Amino acid sequence: NNCISCKEPVDANEQNNGDYQDEDEILEVCERLYEESAKCEEKLPSGTTYYPNTYGCNLVKSLKAPGKAKSANSGSAAKVFAGLFAACSIAFAGVAYYFYEKSQRANVALVEESAGEGTMA
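If you want it as structure tokens, here you go:
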């Protein structure tokens, strides 16, 4: 986990780089990150902010959740490769069965033993 806490530590022993003197409980680095980040404040309730920041709306709308981004071709390519894999697996199973049957037929005893003497079958 690479997350850091944005809450200021309670002790004032310079563990938060002199940021303990302001009235909020947020680290200065987190305040700066928030101020510089892209925001889309277009649908906030009235009175939340005087000047809503809507400069980042297009960027925020274009972002996808990690692991859920899919291209149009990724699904069809996966289906094609799955079909090829299935066809090759069936073909190899058929070839293996053919050679198994061939090896079983080759092991048929050609000489039949009856009463201790060998006669041809």
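Just so we're aligned: the sequence shown equals residues 5 to 125 in my numbering.
Each residue gets a CB set at the ideal place from its N, CA and C atoms; glycine is no exception.
Since the model is a prediction, treat every value here as computed from it, not as a measurement.
Notebook entry, point to check: Can you tell me whether DSSP reads residue 94 as helix, strand or coil?
Noted result: helix
Check: Rounded to a whole number of angstroms, what is the C-alpha to C-alpha distance between residue 13 and residue 39?
Finding: 21 Å
Check: In the DSSP assignment, what are the bridge partners of residue 11?
Finding: 30
Notebook entry, point to check: If we ignore side chains and look at the alpha-carbon of each, how far apart do residue 81 and residue 63 end up?
Noted result: 29 Å
Checklist line | First through last residue of the alpha helix (DSSP H) which encompasses residue 44 | finding: That residue, residue 44, is in no alpha helix (DSSP H); it is neither H nor E in DSSP.
Notebook entry, point to check: Nearest to residue 56 by alpha carbon, out of 67, 66 and 42?
Noted result: 42
Item checked: Inter-residue spacing [alpha-carbon to alpha-carbon] between residue 95 and residue 110 -> 23 Å
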